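So my numbering is basically just the index in the first sequence, starting at one, shifted up by 172.
To start, the structure under review is shown below, and the notes come after it.
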Amino acid sequence: MTILDERYDATATEKKWQARWEEQGTNSPDLANGQRPYYQLMMFPYPSAEGLHIGNLYAFTGADIHGRFQRMQGRTVFEPMGFDAFGIHSENYALKVGGHPMRLIPQNIANFQRQMRSAGLMLDWTRQLATTDPRYYKWTQWVFLQLLEKGLAYKKKAAVNWCPFDKTVLANEQVIAGACERCGTQVEQRFLEQWFFRITDYAKRLLDNLDALDWSESTKASQRNWIGRSEGAEIIFGTAGVGRRASDESLTGHEPPTDLPHAPRPTLDVRVFTTRPDTIFGATYLVLAPEHPLVGEVTTDDQRAAVNAYLDRTAKQDLISRKISTEKTGVFTGAHAINPATHKPIPIWIADYVLMEYGTGAIMAVPAHDERDHEFARKFGLPIVEVVGGGDVANEAYSGDGVLVNSGHFNGLPAKEANARIIEALAGQGAAKAVVNYRLHDWCISRQRYWGPPIPVIYCDSCGMQAVPEKDLPVMLPDVEDFRPDDTGVSPLARHEAWYRVPCPECGAMARRETDVSDTFLDSAWYFLRYPSAGRDDVPFDAALTKRWLPVDSYIGGNEHAVLHLLYSRFVTMVLHDMGYLDFEEPYKKFRAHGMIIREGAKMSKTKGNVVNPDQYIVDWGADVFRLYLMFIGPYEEGGDFRDRSISGVKRFLDRLWSTVDAVRTDGEPDDAVMRKLHQTIKKVGDDTPRLGYNTAIAAMMEYMNTLRANERTPHRAEVEPMAQLIAPYAPHMAEELWSRFGHSESVFDSGWPIADPAMLVDDAVEIAVQVNGKMRGRITLGRTADEKAALAAAMSDASIVKFITGPPKKVVFVPGRMLNVVL
RNA sequence: GCCGAAGUGGUGGAAUUGGUAGACGCGCUGGCUUCAGGAGCCAGUGGGUGCAAGCCCGUGGGGGUUCGAGUCCCCCCUUCGGCACCA
């Protein structure tokens, strides 16, 4: 039978099926009634002016194959798409080209939609969203109000990067080696009032829940790292002076010191955090962060000038270069504190290597056992006292294991054990408690920019800060031509009085809107909740649809969002759960990170001019070939190297599939060996596809094609027809075309998945390896059920093997169907 | 420095629990077809050695466990990605 009679025309066929899918609503599931719902999410893109990047398409294709496969397993699959269109990128681009983001973004979105349609993705375009749409950001503002109501949103002064030349706030990624990326001026830090979310309240839950999530291990590791849990103790060091602790019982039996050099003030407590309480006997000085609130109080009059000079200097430095500067700096306050273990006075220093954001903003320095303290102590001539044996602390800090020395009656204890004992002893005196610290910081959501959702808050002189009432949402972002950031350090919206002057919702008096907008990460922290309800203006998300479709079954995206986006969306989900809006607290049941595509061995970049433009490849090769090639490059979770000349391999494969179907016969019986290979291929593709083993699934299909066409045979229809289904997730257009030409009227995606018959998965005869003393010496062909005896007999009758068997076998190892090893 | 991933032919990569290393594709070589081809088809293709059957060597390096190691254990080297003064 000849069912095809022309060469495969990818362009026409792809257009035809894309139009048909759209007409018949093939990709728009019935969300209210569809059985066995499966929510396949992909990270929505930022719609840049350059159009879809190959990385986007790689991500989407892999997710699409996963979704299409699930559909062929009988699930109702929802694969939505949207646009993450707010943010500094769009704003900067608009400034650069002299356009307006409100005009540019819709063009970019239209271009992205065109590109994604041409790529043959199973996207439900009836439920798309854009974060810049007031009908969307109305609910982003609603999310903010929920956090505000729950007490999880607060305002405080915080440092930002400030370029004194451009007179503008810079994002961290705009600061290159301490300088403004635009003008090269040294960046300073400035303190502005900013909105924060109390994500640190959720640190423990965000960390603990990870264990149970089905996520890429590397992603979980990044999250754990970012949250950064440390166990340790907070220890109180009383400042020297009034001897409150002088009457306390000594840990060591030493007499309290009597000769304090500076003791001018009443006792102040300095609380420090340490993960190494076992080294407290080696704490020879304290360090406060420059921003520490006690700095002013402990500084003695004779040191005040030096301290002020130091504070000035550090305040001028930007946030980035302070972190990367290698040289330690610091200044002595003139004050001393009492080490609660040794009861000796130790000097209190100020240094910017101690960060106010972490722990208590103060540390006990143990130069013998901490690299940073060691460097500092050497530079400023502070004493280094070894308290854990095993290192050479005069030369370098020793942080390894060992036994305590110079530590009073704790001497001789292993450091790990001493840790608990010392905390206990200090706790008994009220001088310490065990604590857990996280490096996670609260989430600063304020942006002193234009292109974002206004933070829905109003300041009234008499009523104070007021939330915008829900009925007044959205707070529309005004369409103004003047949105360039300026030298005031506040949002450009602060220049538009007509916009920010509003009556107080409480008393009606003239009040002022918040002029900062929120972080784009807030837009993307809840978008997956919106998709099923996209288009609804009365609720952020419909309760019944949410119950049916969430949490997300499968989320696939890049590792560049492994930390912030995933963490923030988990946090927002937890908060909405705690407030009773959601019945789950983790948004994504399964997450997989795809790899990165490089090109001809190098990272793609505009400056190198080696960026792949998907449009051109789709025109030249067709979407099916392009999809198949992308997935064949390497393991999906690892990415790989895009090489133009390799595309022809998958193109040939699809052409061969097409011409094989063209020549198929219906008379006679299918070949048994070929049918066994078919069933093995069904099994392999069906196993590999759901675990994202796309490259090996494609290889298996290629291998089967080689079998089908070997020896110039004419394949039987039964041998070929299931190939249309196997290839469908990968090459959806050609699959539909083949399937319809085989006489089916329904979409191949509603045809189910072919079933691998277990009886067909084994071959009648198997070739097994024969080893002598573990060395490969030959191969023999045996019946499937052959036992060790038969295998040995066959081996002994093979001359090329027998010549190595020079004596009686001591032992024979037989693995049925695999190998035989004769040990002499 | 810390965390994570990975080192296999000329090349991208296979090898699911230790069991025939190099599947599949690219490239290359030879042949057929063609006016021609950056097209198609057939065969070959890890290295060394040999007329050949064959033999020896081979998964970053060195040890070990095992009848048997790319796979497991120990030490070392290299590359990539992320975090980076977090006490």
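In this text, a Cβ means the ideal position worked out from N, Cα and C, and glycines have one as well.
These numbers were taken from a predicted model, which means no experiment stands behind them.
Inter-residue spacing [alpha-carbon to alpha-carbon] between residue i and residue j
i           : j           : result
residue 567 : residue 456 : 17 Å
residue 250 : residue 210 : 6 Å
residue 305 : residue 679 : 31 Å
residue 256 : residue 363 : 29 Å
residue 329 : residue 361 : 12 Å
residue 594 : residue 442 : 18 Å
residue 436 : residue 367 : Low confidence applies here, because residue 436 scores a pLDDT of 45, under 50, leaving its location unreliable and the question unanswered by this model.
residue 822 : residue 800 : 7 Å
residue 173 : residue 296 : Here residue 173 scores only 38 on pLDDT, less than 50, and its place in the model is too uncertain to base an answer on.
residue 206 : residue 922 : 13 Å
residue 759 : residue 479 : 49 Å
residue 898 : residue 846 : 16 Å
residue 556 : residue 582 : 19 Å
residue 824 : residue 877 : 11 Å
residue 529 : residue 487 : 15 Å
residue 175 : residue 195 : Legend: pLDDT at residue 175 = 47, less than 50; position of this residue unreliable, no value from coordinates given.
residue 809 : residue 239 : 16 Å
Beta-carbon spacing of residue i, residue j below 8 Å
i           : j           : result
residue 384 : residue 454 : no
residue 223 : residue 316 : no
residue 301 : residue 702 : yes
residue 811 : residue 776 : no
residue 230 : residue 802 : yes
residue 895 : residue 374 : no
residue 717 : residue 726 : no
residue 247 : residue 208 : yes
residue 766 : residue 819 : no
residue 532 : residue 505 : no
residue 684 : residue 673 : yes
Residue(s) in a DSSP beta bridge with residue i
i           : result
residue 403 : 608
residue 441 : 410
residue 302 : 255
residue 366 : 328
residue 766 : 730
residue 137 : Since the first and last residues shown for the chain are 173 and 996, residue 137 lies out of range.
residue 888 : 837
residue 748 : For residue 748, which the question treats as bridged, DSSP gives no partner whatsoever.
residue 508 : 519
residue 534 : 460
residue 991 : 941 and 987
Buried or exposed (CB count within 10 angstroms, at least 16 for buried), residue i
i           : result
residue 333 : buried
residue 945 : exposed
residue 397 : exposed
residue 591 : buried
residue 546 : buried
residue 425 : Caution applies to residue 425, whose pLDDT of 36 falls short of 50 and renders its modelled position unreliable; the value that the coordinates give is listed next. Exposed.
residue 852 : buried
residue 293 : buried
residue 996 : exposed
residue 659 : exposed
residue 796 : buried
residue 883 : exposed
residue 764 : buried
residue 954 : buried
residue 407 : buried
residue 934 : exposed
residue 414 : At residue 414 the pLDDT is 36, less than 50, meaning the model places this residue with poor confidence and gives no usable figure here.
residue 310 : buried
residue 817 : exposed
residue 927 : exposed
residue 715 : exposed
residue 448 : buried
Residue i beta carbon near the ligand HEM (any heavy atom closer than 7 Å)
i           : result
residue 589 : With respect to small molecules bound, the structure shown includes none, and the ligand HEM cannot be examined in it.
At 4 residues or longer, and completely inside the region 201 to 269: list those alpha helix (DSSP H) runs for me, N to C. 226 to 244 and 260 to 269
Counting only runs that start and end within the region 789 to 839, where is the alpha helix (DSSP H) found for 4 or more residues in a row? 795 to 804 and 819 to 834
Secondary structure, beta strand (DSSP E): runs of 3+ residues fully inside the region 645 to 696: 673 to 675 and 682 to 685
Any beta strand (DSSP E) of 3 or more consecutive residues that is wholly inside the region 562 to 643: 604 to 610, 629 to 632 and 636 to 639
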